[in-house]
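Asks:
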Amino acid sequence: MAKAVIIYGPPGAGKGTQAELLERNFDFIHFDTGRYVERLVHSPEAEKNKILKREQVNFNTGKLMTPAWIIKISRAAALKIAKTGNSAVFSGSPRTLFEAFGDPPALTSPRRRRVGRKTKGLFEILLKLFGRENIFIIHLLIPPSVSTGRNQIRRVCSVCGLPAMRGNPSPRCLFCGGPMRTRTLDKASVIKIRLKEYRDRTFPILKKAKKIGIKIFEIDGKPLPYKVHRQIVKKIKLR
Ligand SMILES: [Zn+2]
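Taking the working numbering as reference, the numbering of the sequence shown is continuous, increasing by one, and the terminal residue is 243.
Written out as structure tokens, the structure is:
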């Protein structure tokens, strides 16, 4: 039975790495919202499409992307993946309560309720597509000091974007040989903000998900990625 896995965790917890490992070892398709959005808004289509153009401006000026638009594209992605019969893994998204659960009933105006225009969140569509018993949230835990430490030294390939292996000092990418660079997103001051953002946004989502009966597994994100991967495999009974 196809599964939907959502991986949360502070910056540097290894969300992307764990999603990639699931994709490589099992029938998962990884939907990386950030990467997908970046591609969409920089596609040639964005020059012709008004909505994409608007999001391109948001993206390039560091503003928040329009939440309803993010919901729309992640819902479409979930649908596409489910149609293939594969499992889906999301890393770091849905990021907000609104993206996860849509409009809270109390905030939906009577008129909008009448015309049925409540915005549905990603969980609603995942429940429909995969079923409650096949949805899993993995929460990777690392202390703030590890988060900061890992991010300060995080280097990625300037050509293909692959991260450097932890503890590997090579100035060259192991995949394509390109020169490595430090991610600008990962400066200490920026990490502090991202840590706070992660806490403020993620905990309410976890709380609500738990309330509606979605399984949440907290997993220690400190060990090497392959060990963390083993834990995830065990918890969601992939083997
Ligand atoms: Zn490379």
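Even glycine gets a Cβ: it sits at the ideal position worked out from N, Cα and C. From a predicted model like this one, the values you see are computed outputs, not experimental measurements.
What are the start and end residues of each continuous beta strand (DSSP E) run of 3 or more residues lying completely inside the segment 114-178, in chain order?
Replies: 139-145, 159-161
Asks: At which residues does the alpha helix (DSSP H) containing ARG28 begin and terminate?
Replies: 19-29 is the extent of the alpha helix (DSSP H) around ARG28.
Asks: Quick check on the contact list: which residues have their beta carbon closer than 6 Å to a heavy atom of ligand 1?
Replies: Qualifying residues, in the order they occur: CYS161, VAL163, CYS164, LEU166, CYS177, PHE179, CYS180, GLY182.
Asks: Let me check one thing: in DSSP terms, what residues is PHE32 bridge-paired to?
Replies: SER91
Asks: Just verifying my parser: in three-state terms, what is the DSSP assignment at ARG243?
Replies: coil
Asks: Going by DSSP in three states, LYS219 sits in which element: helix, strand or coil?
Replies: strand
Asks: Report yes or no: do the segment 208-228 and the segment 172-188 share at least 3 C-beta pairs separated by less than 8 Å?
Replies: no
Asks: Buried or exposed for HIS34, please, with buried defined as at least 16 other CB atoms from any protein chain shown within 10 angstroms of its CB.
Replies: buried
Asks: If PRO14 and ILE146 are in contact, beta carbons under 8 Å, what's the gap, nearest whole angstrom?
Replies: 6 Å
Asks: Take ILE220 as the anchor and find which of LYS226, LEU228, ILE209 has the nearest alpha-carbon.
Replies: ILE209
Asks: Using the C-alpha atoms, what's the distance from LYS76 back to GLN235?
Replies: 32 Å
Asks: Leaving out the 5 sequence neighbours to the left and right, which residues in its chain are closer than 7 Å to LYS67 when beta-carbon positions are compared?
Replies: none
Asks: Do the segment 151-163 and the segment 176-183 make contact, defined as three or more Cβ pairs closer than 8 Å?
Replies: Contact between the segment 151-163 and the segment 176-183 is present, because at least three Cβ pairs lie under 8 Å.
Asks: Please report the distance separating the alpha-carbon of VAL9 from that of THR21.
Replies: 14 Å
Asks: Verify whether the separation of the beta carbon atoms of PHE30 and LEU242 is less than 9 Å.
Replies: yes
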